[in-house]
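Chains A and B, in that order, are what the protein sequence lines are.
The numbering used here puts the first residue of the first sequence at 11, with every later residue one more than the last.
The numbering used here puts the first residue of the second sequence at 12, with every later residue one more than the last.
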Amino acid sequence: MTATNKVGIFAVVFGAAYAVIYVISTEVNLPLLTYHPATGDIGLLYQPPGRGPAMYWYGWMLTSLIGASALALIATVVPEPWLQRTLIFGAAGAVLYLAVYTLALAVYEHASVELQFLENRWWSVAVAAAAAAAVSLLVPARWAQRLWPGWAWVVPLGAIAVLTYYLTPYFTR
Amino acid sequence: MVFWTTLLIMHGLLAIALLGAVTHQAVALWLPVRAAAGGFVGRFRAVPSHAYVTAIIVLYVLTFVMGAWIYTHYRYTARLALEQLRFFKVVGAFEVKEHLAVIGLILLPAYWYFWRPPLSPDYAAARRQVTLLLALLIWANFLIGHIVNNGRGFGS
Chain A
11 MTATNKVGIF AVVFGAAYAV IYVISTEVNL PLLTYHPATG DIGLLYQPPG RGPAMYWYGW
71 MLTSLIGASA LALIATVVPE PWLQRTLIFG AAGAVLYLAV YTLALAVYEH ASVELQFLEN
131 RWWSVAVAAA AAAAVSLLVP ARWAQRLWPG WAWVVPLGAI AVLTYYLTPY FTR
Chain B
12 MVFWTTLLIM HGLLAIALLG AVTHQAVALW LPVRAAAGGF VGRFRAVPSH AYVTAIIVLY
72 VLTFVMGAWI YTHYRYTARL ALEQLRFFKV VGAFEVKEHL AVIGLILLPA YWYFWRPPLS
132 PDYAAARRQV TLLLALLIWA NFLIGHIVNN GRGFGS
C-alpha cells in the first residue's frame with residue numbers, strides 16, 4: 011500500500027480499530043447511548059434498565075464508530091512504517107497476552123508454592139507488552155515498509171474469536 | 012404485529028438476495044472456471060465477480076439497518092419469552108449474530124477499497140480473504156437468524 015493511498019489506509023485501519031474498540035466496548039460496557047425499547051427512550055452513556063430491558067448495542071457501535079474514525083484519520087497522516095509497526099505491536103500484544111495469561115494461570119493452578127501474583131492480569135499485560143514491543147522493533151524492515159492490507163480481516167477475525175468466547179456461558183448452562 | 016412481521020420478511024428477503032450475491036462472488040473468486048462454462052455449477056462459477064460489489068454493499072447495509080430496527084422489538088418481546096423458557100442457546104446465538112453483523116459491516120470499507128476498479132494485483136490476496144470472510148459471516152448470520160426465528164416459531 012503506497013504512502014499516498016490515504017483512502018486505503020483509512021479503510022484498513024478503520025476496520026481494525028473498530029473491531030478492537032467494539033470488543034472493549036462490549037466487554038467493559040461503554041455505550042455512547044442506551045436505548046430503552048419498551049418506552050422508546052434514549053439516554054446518554056450507560057443507563058440501567060428502567061421499565062423493560064435496556065439496549066447497549068447501538069451505543070457500543072457509536073462508541074466504536076467515533077473511536078475508529080478518529081484513529082483511522084490519524085493513521086492517514088502517520089508514516090506508513092510506524093503504522094505497520096504499531097499494528098504489529100497491537101496484534102502481537104493481544105496474542106502474547108492470551109498466551110502468557112493462560113500460562114500464568116496454569117502455573118498458578120499447579121504450583122506447589124503460593125504464587126498468587128500470577129492471578130493478577132497486569133503482570134501478563136506487562137510481559138506481553140514488552141515482548142510485543144521487541145517483536146515490532148525486530149521485525150524485518152521489508153515487513154514494516156508498507157501497511158499490510160490483511161489487517162482488514164485478521165483483526166476482525168480475532169475480534170470474532172474473543173466476542174464468541176465471552177458468549178460461551180449461554181451455550182454451557 | 013403485522014408491521015414487525017412484514018419487516019422481518021423483508022429482512023429475510025434482503026438477506027436471501029445478499030446471500031446469493033456474496034456466494035456467487037466468493038465462488039467465482041475462489042473457484043474460477045478456466046474453460047467455457049458448461050453445466051449449472053460451471054456457470055455459477057463463471058460470473059464476473061467484480062459486478063457484485065455495489066449490490067453486496069447496498070444489500071448488506073439495507074439488511075443490517077432493517078435487522079437493527081427489528082432488534083428493538085425482539086429485545087422486549089421474543090427475547091424475554093426465550094429467557095423465561097430458558098432457551099439460552101437461542102438467546103446466545105442471537106448475541107453472536109449481532110456481533111457478526113457488526114464485524115461484517117466494518118469489513119465493507121476495506122472490501123469496497125480492494126474491489127475498486129481497476130483491480131489492483133497488490134490487493135489480490137486481501138480481496139479474496141475479505142470476500143471469503145464476508146461470505147462466511149453472511150452465511151452464519153443467515154443460518155443463525157433462521158434458527159432464532161424457529162426458537163418461538165412464526166407468529167407465536
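Just so you know, even glycine gets a beta-carbon here, dropped at the ideal spot from N, CA and C.
From a predicted model like this one, the values you see are computed outputs, not experimental measurements.
Three-state class that DSSP yields for residue i in the structure shown
i                     : result
residue 45 (chain A)  : strand
residue 30 (chain B)  : helix
residue 156 (chain B) : helix
residue 23 (chain B)  : helix
residue 53 (chain A)  : strand
residue 77 (chain B)  : helix
residue 12 (chain B)  : coil
residue 176 (chain A) : helix
CA nearest to the CA of residue i, picked from the options
i                     : options                       : result
residue 38 (chain B)  : B:147, B:161 and B:151        : B:147
residue 27 (chain A)  : B:90, B:126, B:85 and B:118   : B:118
residue 27 (chain B)  : B:13, B:58, B:59 and B:66     : B:66
residue 123 (chain B) : B:109, B:110 and B:142        : B:142
residue 110 (chain B) : B:69, B:135, B:149 and B:121  : B:149
residue 189 (chain A) : A:54, A:90 and A:179          : Nothing about residue 189 (chain A) can be read from this structure; chain A reaches only from 11 to 183.
residue 40 (chain B)  : B:24, B:153, B:59 and B:51    : B:59
residue 91 (chain B)  : A:63, A:148 and A:120         : A:63
residue 64 (chain B)  : B:128, B:160 and B:157        : B:128
residue 92 (chain A)  : A:113, A:146 and A:125        : A:146
residue 75 (chain B)  : B:144, B:24 and B:140         : B:24
residue 139 (chain B) : B:52, B:16, B:14 and B:34     : B:34
residue 68 (chain B)  : B:158, B:160, B:159 and B:145 : B:145
residue 52 (chain A)  : B:160, B:54 and B:83          : B:83
residue 112 (chain A) : A:15, A:132, A:16 and A:41    : A:132
Pairwise C-alpha distance: residue j and residue i
i                     : j                     : result
residue 155 (chain B) : residue 104 (chain B) : 6 Å
residue 71 (chain B)  : residue 116 (chain B) : 7 Å
residue 61 (chain B)  : residue 126 (chain B) : 7 Å
residue 22 (chain B)  : residue 115 (chain A) : 45 Å
residue 12 (chain B)  : residue 181 (chain A) : 30 Å
residue 86 (chain A)  : residue 133 (chain B) : 19 Å
residue 35 (chain A)  : residue 75 (chain A)  : 11 Å
residue 128 (chain A) : residue 45 (chain B)  : 57 Å
residue 88 (chain A)  : residue 131 (chain B) : 23 Å
residue 175 (chain A) : residue 183 (chain A) : 14 Å
residue 148 (chain A) : residue 153 (chain B) : 43 Å
residue 57 (chain A)  : residue 65 (chain A)  : 9 Å
residue 179 (chain A) : residue 37 (chain A)  : 14 Å
residue 17 (chain A)  : residue 158 (chain B) : 38 Å
residue 16 (chain B)  : residue 160 (chain B) : 11 Å
residue 53 (chain B)  : residue 41 (chain A)  : 48 Å
residue 108 (chain A) : residue 125 (chain A) : 19 Å
residue 39 (chain A)  : residue 136 (chain A) : 24 Å
residue 130 (chain A) : residue 61 (chain A)  : 38 Å
residue 90 (chain A)  : residue 119 (chain A) : 43 Å
residue 15 (chain A)  : residue 135 (chain B) : 16 Å
Proximity of residue i and residue j at Cβ, strictly below 8 Å
i                     : j                     : result
residue 29 (chain A)  : residue 114 (chain B) : yes
residue 22 (chain A)  : residue 81 (chain A)  : no
residue 56 (chain B)  : residue 73 (chain B)  : no
residue 78 (chain B)  : residue 112 (chain B) : yes
residue 33 (chain A)  : residue 157 (chain A) : no
residue 107 (chain B) : residue 83 (chain A)  : no
residue 134 (chain A) : residue 110 (chain A) : yes
residue 94 (chain A)  : residue 154 (chain A) : yes
residue 29 (chain B)  : residue 81 (chain B)  : no
residue 19 (chain A)  : residue 78 (chain A)  : no
residue 93 (chain B)  : residue 49 (chain B)  : no
residue 137 (chain B) : residue 159 (chain A) : yes
residue 25 (chain A)  : residue 121 (chain B) : yes
residue 138 (chain A) : residue 97 (chain A)  : no
TODO: Determine, using beta-carbon pairs with one atom in the segment 158-175 of chain A and one in the segment 87-99 of chain B, whether at least three such pairs fall under 8 Å.
DONE: no
- [ ] Decide yes or no for the touch test of the segment 34-52 of chain A against the segment 75-89 of chain B: beta carbon pairs closer than 8 Å, at least 3 of them.
- [x] With the rule of 3 Cβ pairs closer than 8 Å, the segment 34-52 of chain A counts as touching the segment 75-89 of chain B.
TODO: Please confirm if the segment 56-70 of chain A is in contact with the segment 37-46 of chain A, defined as three or more CB-CB distances below 8 Å between the two stretches.
DONE: yes
Task: Given 8 Å, three or more beta-carbon pairs between the segment 128-143 of chain A and the segment 98-108 of chain A - done: yes
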